[in-house]
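**Q**
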Amino acid sequence: MAEDFPGWHGTTIIGVRKNGKVVVAGDGQVSLGQTVIKGTATKVRRLSPGGYDVVAGFAGSTADAFTLLERLEAKLEAAPGQLQRAAVELAKDWRTDKYLQKLEAMLIVTDGKDLYVVTGAGDVLEPEHNVAAIGSGGNYALAAARALVDTDLDAEDIARRAMAIAADICVYTNGNLTVETISQ
Numbered sequence: 000m001a002e003d004f005p006g007w008h009g010t011t012i013i014g015v016r017k018n019g020k021v022v023v024a025g026d027g028q029v030s031l032g033q034t035v036i037k038g039t040a041t042k043v044r045r046l047s048p049g050g051y052d053v054v055a056g057f058a059g060s061t062a063d064a065f066t067l068l069e070r071l072e073a074k075l076e077a078a079p080g081q082l083q084r085a086a087v088e089l090a091k092d093w094r095t096d097k098y099l100q101k102l103e104a105m106l107i108v109t110d111g112k113d114l115y116v117v118t119g120a121g122d123v124l125e126p127e128h129n130v131a132a133i134g135s136g137g138n139y140a141l142a143a144a145r146a147l148v149d150t151d152l153d154a155e156d157i158a159r160r161a162m163a164i165a166a167d168i169c170v171y172t173n174g175n176l177t178v179e180t181i182s183q
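With numbering that gives the first Met the number 0 applied, the sequence shown corresponds to residues 0 to 183, in that order.
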């Protein structure tokens, strides 16, 4: 039965904004049930629709996330330089379109100024404390980053340390990171 088939698990994505920079980091693990299928997946991407840089990280089904990233790029091309508007339009489509409703993924997106979590429930959330995290180890990374955000560490160091802590705790997260930095 399909219900007995183990689901794809994995991914921890974190976004940290500090001192005019935003870092998005993601691990490389993809698991099927209790088996690691791949340890070097890239789940953080730089998008440049119309020369406007955006960094996006995704958790969930890879094919679903790529579909959402393509839609986000199209929204950004229609509204250049307006990440919030593009994210809201994507979330609206995601919630109302029968095809998109079936997609199982979440996104963290940033243009270096704004930082959002976009979900299929129609949410476009700007995180408190300048830290956002999604995925199976997201809560661990979020807690670690929030504890570090008021230290002298920069955004990248906070993201890397938070991801290392999440990898130590969450069996669906590894230490093979993709890290992208973007400034205002």
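Beta carbons: idealized from backbone N, C-alpha and C, even for Gly.
Just tell me which of Y139, A144, D122 has its CA closest to the CA of A104.
**A** D122
**Q** Let's test the definition: count the other Cβ atoms within 10 Å of the Cβ of A62 and tell me whether it reaches 16, buried, or not, exposed.
**A** exposed
**Q** Considering only residues of the same chain and omitting the five flanking positions on each side of D92, which have a CB-CB separation below 7 Å?
**A** R70, L99
**Q** If you draw a straight line from the C-alpha of I168 to the C-alpha of Q33, how long is it?
**A** 15 Å
**Q** Going by C-alpha distance, which of P126, P48, G59 is nearest A77?
**A** P48
**Q** Pick helix, strand or coil for E155, following the three-state DSSP scheme.
**A** helix
**Q** Suppose you measure from the CA of M0 to the CA of K101; what does that come to, to the nearest Å?
**A** Its pLDDT being 37, under 50, M0 is placed unreliably by the model, and the measurement read from it follows with that caveat. In a straight line, the C-alpha of M0 is about 19 Å away from that of K101.
**Q** Could you spell out where the alpha helix (DSSP H) holding G137 opens and where it closes?
**A** 137-147
**Q** I'd like the ranges of any alpha helix (DSSP H) spanning at least 4 consecutive residues and lying wholly in the stretch 51-101.
**A** 61-77, 82-95
**Q** So A132 and I12 are in contact, right, with Cβ under 8 Å, and what is the actual spacing, rounded?
**A** 7 Å
**Q** Once you ignore the five residues that flank V43 on each side, which residues in its own chain have a CB closer than 6 Å to its CB?
**A** V23, G25, G56, T177, E179
**Q** Alpha carbon to alpha carbon, how far is F65 from I164? Give it in angstroms, no decimals.
**A** 27 Å
**Q** List the whole-angstrom C-beta distance separating L75 from V53, where the pair is believed to meet the contact cut-off of C-beta under 8 Å.
**A** About 6 Å separates the two Cβ atoms, so the contact holds.
**Q** If you measure between the beta carbons of V29 and K37, is that distance less than 8 Å?
**A** yes
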